[in-house]
Structure formats: structure tokens, C-alpha cells
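Numbering (this note's numbering), first residue to last: 1126 to 1298. First the structure, in the form of C-alpha cells, and then the observations on it.
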Amino acid sequence: MHIVVAQHVHESGIEAKAPIDTTKKSIPKEVHAQLGDSHHMIYYYAPAVRGRDIWGGLVPYGEVWVTGAHRATHWQFDKDIMIGTQRIPAGKYGVFTIPGKKEWVFILNKNWDQHLADDYDQNEDIIRIKVKAGKSNKNQERLAYYLNETGNKQNALIMSWEKIRIKVSFANL
1126 MHIVVAQHVH ESGIEAKAPI DTTKKSIPKE VHAQLGDSHH MIYYYAPAVR GRDIWGGLVP
1186 YGEVWVTGAH RATHWQFDKD IMIGTQRIPA GKYGVFTIPG KKEWVFILNK NWDQHLADDY
1246 DQNEDIIRIK VKAGKSNKNQ ERLAYYLNET GNKQNALIMS WEKIRIKVSF ANL
């Protein structure tokens, strides 16, 4: 089951009601979801493909990426979660990735308020895990995040852009 309680697009501080204009540069977005008894929020800037080479071009392979644009994406949740075997305390974290052709590294970092990867410090990482990069036949023009409930306290954070999709499984505690 896919649950997105609310998804907002803000431009110039005003909630946009019209369809998203994919010719604009990166726009701020929020995803809110109630997964079981835990509220999750992802805040990010969503760039568009706009005819550019994304993977291995605009976003280099093997380098830390803010997994969005302008500022580090951040993920906030109000109850502890488990990613793999690691307990992550409730809080707000910076989301980073290291894209690869087949496998990515997903990173949660203590410092959520960062500009691009300039401020990134690996010593502040809470977790680093490897995730598979899935391919899609459908082009996702603008970067998007989704929060899905997958069953019995199991959930997924999904990032999709261009024809790549990564999924990070996590459990509510």
C-alpha cells in the first residue's frame, strides 16, 4: 500500500495549486506520511531532468550527493525506526547518497541543515547502507520521494528520478 498523506509544492512561499511546471529549476517539496503510529516528513528540492544527462553527468557516480538540489534533503520522524539491524532514534537527519551504476550507498547524517555536499562530514553519519538502483521504463521528469507502508510495521522510502529508483526499507519501532 502506498501512503502519502500530503505532498506540498511551495514556490515563493505560496502553496502552488496549479500543475508543476517542469521547465522551472529545482523547486522545494515536502512529503508527509503517517506510517502506523509514526509521522514522517521529507523536505527536499526537486530538480527536473530537462533533457540533461543525469547519472554519471549532472550527478557523478561515486561522489556524495545531497539527493536533491540546493540543500541537503532531510527526513524527520517522531518514533525510532530500524534500518537493517540499526536502530535510528526519532529525529531529523540529512539524507545523502553515493550513486553507482548498479548499487548506491544511502546515508543518514546527524547534520540535516547542510548546503549541498560542501558541509558534509562522514564522521556525522548515523548509518550507511548499500541499496540496489532499480531501472524504470518510465521517465520521472522531476525528482520525487515516496513513503510506502509495506506491511506489519515495514515501510519504504523511495527516491525516483529520471529512470532510476532506489528503495530503503525500514521498520517502525
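Don't be surprised by glycine CBs; every beta carbon is placed ideally from N, CA and C.
Cα separation between residue i and residue j?
i, j, result
"A1158", "S1285", "17 Å"
"R1175", "K1257", "25 Å"
"Y1245", "L1233", "11 Å"
"Q1079", "N1277", "The structure shown does not extend to residue 1079, since the chain is modelled only from 1126 to 1298, so the question has no answer here."
"G1216", "W1229", "24 Å"
"I1128", "Y1270", "Note that I1128 has pLDDT 46, beneath the 50 cutoff, so the model's placement of it is unreliable and no number is given."
"E1249", "E1266", "32 Å"
"E1274", "A1281", "7 Å"
"K1235", "Q1247", "10 Å"
Beta carbon of residue i, beta carbon of residue j: below 9 Å?
i, j, result
"V1293", "I1251", "no"
"F1221", "I1291", "no"
"K1150", "A1197", "no"
"D1205", "I1213", "yes"
"E1287", "I1208", "no"
"D1238", "H1199", "yes"
For my contact list, residue i and residue j are in at a C-beta cut-off of 8 Å; report their separation, rounded to the angstrom.
i, j, result
"L1268", "A1171", "5 Å"
"V1184", "L1241", "Their Cβ separation, rounded to whole angstroms, is 12 Å, which puts V1184 and L1241 out of contact at 8 Å."
"Y1186", "G1219", "Actually they do not touch by this definition, with Cβ atoms about 21 Å apart."
With distance defined between alpha-carbon atoms, name the residue in the options nearest to residue i.
i, options, result
"L1298", "W1200, A1194, T1210 and D1178", "T1210"
"I1289", "R1177, Q1239 and K1260", "K1260"
"Q1279", "L1160, H1199, N1262 and V1156", "L1160"
"I1152", "D1162, E1188 and Y1168", "Y1168"
"I1223", "H1199, W1237, V1189 and N1264", "V1189"
*Curious, which full-length alpha helix (DSSP H) runs of at least 4 residues does the stretch 1208-1257 contain?*
none
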